[in-house]
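Chemist:
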Amino acid sequence: MVDAATEPRLTGSVPLYKNVEPLNRQKHKSYGVKTVSNPFSFLKDWHFVPAISPEFAFACGSFPIVFLGEKKMPVLVMGLRAGTNLFVDENGQFDAEHYIPAYVRRYPFVSASAQNDQPSTVCVDLDAEFVVSENPERPFFDEQGEPTDYMKQAIDFVSAFENDARITEAFVERLVALDLLEKKDIKVANPQDPENPVTVAEYWGVSNEKFSALPADKLKELHDSGDLVAITAHIISLQRWDRILRRTSLKAAADGQAQV
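Next up, the structure:
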C-alpha cells in the first residue's frame with residue numbers, strides 16, 4: 592500500500608485530515624513521528640468522527656452512535672456543537688475513561704483509492720503536529736527505504752480499517768433495505784417557553800418499533816451476519832446522549848465562569 596503505481600486520491604470530505612500525501616519511500620524517506628505533549632489536539636474541534644460497525648460494541652458505553660446524512664454514515668458523537676469535542680481537554684489529552692475510536696487511532700494515516708482499479712495506498716497528513724520531516728523518534732522508512740515495523744503496523748491498521756469500512760457500508764445498506772432507520776432528535780427544555788423544548792440534535796437511528804416487529808427469519812439473518820450485535824450496541828449507545836448533554840452544560844458553565 593506504499594508507492595502506488597498511479598496517483599491515488601481521497602474523495603469527499605475527510606474529517607481531521609488537512610494536508611494528505613501518498614507515502615513515498617523517496618520523498619518521505621526522512622519522515623516519521625515524534626512524541627508531543629498534546630497528542631489529541633487534532634481532535635479537539637471535531638464533535639463527531641466516522642464509526643465502523645465492528646467497534647459499536649466497544650464504543651456504545653462511551654458515545655451515542657448515530658447515522659447522519661443521505662448516506663446514513665454512522666458516527667460517534669463526541670460533542671453537541673461544531674468546534675467542541677467534550678472528550679479532549681485543553682491540553683490535548685483524551686479522557687482516559689472512554690473508548691478511543693478506530694478512526695482516531697488511524698490518524699495521521701489514511702487509505703486512498705487509485706485510478707484504473709489499482710490497489711489503494713497509504714497516505715499521511717503532513718500537517719499532523721507529530722509528523723516530522725527530520726529526526727523522527729519512529730521513522731516511516733529504514734535506511735534501505737523499506738517500511739519500518741512502526742510503518743508496517745500502521746499499514747496493517749489502515750488496511751483493516753478499510754476492510755471494516757466496507758463491512759460497515761454493507762451493514763448500513765441492510766438496515767436501509769429492512770427500513771429500520773427513522774429520523775430521531777434530541778430536545779432540551781426551553782426556559783423561555785417550557786411547553787416547546789428546543790431541538791439540539793437530529794439524526795437517523797434504528798426504530799425500536801420496526802426492529803421489534805421483525806419476523807423470526809429476519810432476526811436470524813441479522814444474528815448470523817453479526818448485524819444484531821451492532822444494532823443492539825447502537826440502541827444501547829443512545830443512552831449516552833445524557834452524557835453529552837451533561838458535559839455540554841458543565842462546559843458552558845465553566846466557560847461562563849472563565850469569562851467573568
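Numbering (this note's numbering), first residue to last: 592 to 851. Cβ coordinates follow ideal geometry from the N, Cα and C atoms, glycine included. Keep in mind it's a predicted model, so treat the numbers as computed, not measured.
1) Measuring alpha carbon to alpha carbon, tell me which of 758, 657, 841 and 822 ends up nearest residue 777.
2) With DSSP collapsed to three states, give me the class of residue 788.
3) Which first and last residues belong to the beta strand (DSSP E) in which residue 679 is found?
4) How do the region 797 to 805 and the region 625 to 638 stand: do at least 3 beta-carbon pairs fall below 8 angstroms, yes or no?
5) What does the alpha-carbon distance come out to for the pair residue 683 and residue 807?
6) Straight-line CA distance for residue 633 to residue 643?
7) Please report the distance separating the alpha-carbon of residue 837 from that of residue 722.
8) Could you pull out every residue in the same chain whose Cβ sits closer than 8 angstroms to the Cβ of residue 545, ignoring the five residues on either side in sequence?
9) For residue 609, which three-state DSSP category applies?
10) Classify residue 703: buried if its beta carbon has 16 or more other beta carbons within 10 angstroms, exposed otherwise.
11) Grouping DSSP H, G and I as helix and E and B as strand, with all else coil, what is residue 742?
Modeler: Working from what's here:
1) As a working note, residue 777 is residue 186 in the sequence shown. Of 758, 657, 841 and 822, the residue nearest in Cα terms is 657.
2) Locating residue 788 in the sequence shown gives position 197, counting from the first residue. Residue 788 falls in the coil class under three-state DSSP.
3) Position 88 of the sequence shown, counted from the start, is the residue given in the question as residue 679. Counting along the chain, residue 679 falls outside any beta strand (DSSP E), and DSSP gives it neither H nor E.
4) no
5) By 1-based counting over the sequence shown, the position of residue 683 is 92. By 1-based counting over the sequence shown, the position of residue 807 is 216. Residue 683 and residue 807: Cα-Cα distance of roughly 48 angstroms.
6) By 1-based counting over the sequence shown, the position of residue 633 is 42. By 1-based counting over the sequence shown, the position of residue 643 is 52. Those two C-alpha atoms are separated by around 20 angstroms.
7) Position 246 of the sequence shown, counted from the first residue, corresponds to residue 837. Position 131 of the sequence shown, counted from the first residue, corresponds to residue 722. C-alpha separation (whole angstroms): 35 angstroms.
8) No information on residue 545 is available, as it lies outside the stretch 592 to 851 that the chain covers here.
9) The sequence position of residue 609 within the sequence shown is 18, counting from 1. Coil at residue 609, not helix or strand.
10) Position 112 of the sequence shown holds residue 703. Using a 10 angstroms sphere on the CB of residue 703, the tally of other CB atoms reaches 16 or more, which defines it as buried.
11) Position 151 of the sequence shown holds residue 742. Looking at residue 742 - three-state DSSP - the assignment turns out to be helix.
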